[in-house]
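S.K.:
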Amino acid sequence: MSTVAAAYALPAPDGAFEKLTIERRELGPHDVLIDVKYAGICHSDIHTARDEWGGTRYPCVPGHEIAGLVAAVGSAVTKYKVGDRVGVGCMVDSCGKCGPCLADEEQYCEVGATMTYNSPVAPEVQPGGYTMGGYATQVVVTENFVVSIPEGIGLDVAAPLLCAGVTLFSPLRHWEAGPGKRVAIIGMGGLGHIGVKIAAAMGAEVTVLSHSLSKQEDGKRFGAHHYYATGDRQTFRELRGRYDLILNTVSADLPLDDYMRLLNLDGTLVILGLPENPLSVKPFTLAGYRRSLSGSMIGGIAQTQEMLDFCAQHGIGAEIELISADEIDNAYDRVVASDVRYRFVIDAATI
Ligand SMILES: [Zn+2]
Ligand SMILES: [Zn+2]
């Protein structure tokens, strides 16, 4: 028997969110039915819902930072039982056979992972023929793409970890942030603030590079050791050659050479925010100190679980503003205006 869920959807790129009912597929042997409790609002939700990246299917139900409780399981499910605290992030399936999938890096699946919303799928996977996300009362996901949320984290503050958390955790692990490493994080918004907490908990020396010092108190409270304003040219002179790793969470165009020159020998600047324009950096900037420019996209399912366990162990959750479902339009406008501290989370009880 399929499940009828209530959801909030955008009917068109320039519309307002409307409540509607959607159908979730009948549980297959490996499926988990989740009662959604909280859904975070990620900037990608906005880009997709408003068709800023093209290819959006309507009605569009965004949401890939999902935290909830297991309501039912398929006959062959072994990992979860009814009542378990669980999460779903940006992906709900992948081929499972290619190199990246076998290396637990499903986000780089060669066939293309099935994303939590707006991905084309067979009608038996999601009635309607494309995935619909977490701004809904229920979701059905195959057990291998469901992660466990440890008791140590509230479901509300855990929700944003499913995308924002792993987006920061993955490069911090990959480039081995830890004691003796100097890490700088550009931007302290929804992504950056979680990166500060995680990098500090890993034992790295953490610097925030923010346009102004307006969030400095928060940054220090989240664990940053240093906080600099990039609106002040002196910052770039003072910090030249200092960092092993710089994570750029800002999706606006930045003077990349200025930031790359803050790297030390073999340092890497990792692009996490995705501006539309091509990047430009002078070859001399890369050659000096053998610097690298790289990018990183979310993280695999195993690493998402590792991140949640790490966050529970270190008492890390996102800083959130809890909203009701009828406030989504306003929240979107505030995210676009960078007016949120630091992540909006929808209380699914209001859907
Ligand atoms: Zn996201
Ligand atoms: Zn694959």
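Numbering-wise (this note's numbering), the sequence shown opens with residue 281 and increments by one.
C-beta atoms are modelled at their ideal positions from N, C-alpha and C, and glycine is treated no differently.
Keep in mind the model is a prediction, meaning the values are calculated, not measured.
1) Any heavy atom of ligand 2 closer than 7 Å to the CB of residue 428?
2) Does the beta carbon of residue 374 fall short of 7 Å from some heavy atom of ligand 2?
3) Determine the burial state of residue 259: buried for a count of at least 16 other Cβ atoms within 10 Å of its Cβ, exposed for fewer.
4) In the DSSP assignment, find the alpha helix (DSSP H) that holds residue 574 and state where it starts and stops.
5) Can the beta-carbon of residue 504 be found less than 8 Å from the beta-carbon of residue 530?
6) Use the C-beta contact count for residue 511: other C-beta atoms within 10 angstroms, 16 or more gives buried, fewer gives exposed.
7) If you follow the beta strand (DSSP E) that residue 433 is part of, which residue opens it and which one closes it?
8) Got a list of residues with beta-carbon closer than 5 Å to any non-hydrogen atom of ligand 1, in chain order?
9) Is the beta carbon of residue 390 within less than 7 Å of some heavy atom of ligand 2?
10) Using 8 Å for Cβ pairs, my map puts residue 374 next to residue 386. What's the rounded Cβ distance?
11) Run through the segment 516–550 for me and flag every whole beta strand (DSSP E) of 3 or more residues, listed as ranges in chain order.
12) What's the C-alpha gap between residue 300 and residue 459?
13) Indicate the three-state DSSP secondary structure (helix, strand or coil) for residue 348 in the structure shown.
14) Within 7 Å: the Cβ of residue 381 and any heavy atom of ligand 2?
15) Given residue 406, which residues of its chain have a CB within under 7 Å of its CB, disregarding the five upstream and five downstream residues?
16) With a threshold of 8 Å on Cβ separation, who are the neighbours of residue 614 within its own chain once the five nearest residues in sequence on each side are excluded?
M.R.: Looking at the coordinates:
1) no
2) yes
3) The requested residue 259 is not part of the displayed model; the chain covers only 281 to 631.
4) Counting along the chain, residue 574 falls outside any alpha helix (DSSP H), though it belongs to the beta strand (DSSP E) covering 572–575.
5) no
6) Flag for residue 511 reads exposed.
7) It is not in any beta strand (DSSP E) - residue 433 carries neither H nor E in the DSSP assignment.
8) 322, 324, 443
9) yes
10) 4 Å
11) 523–528
12) 50 Å
13) strand
14) yes
15) 305, 412
16) 620, 624
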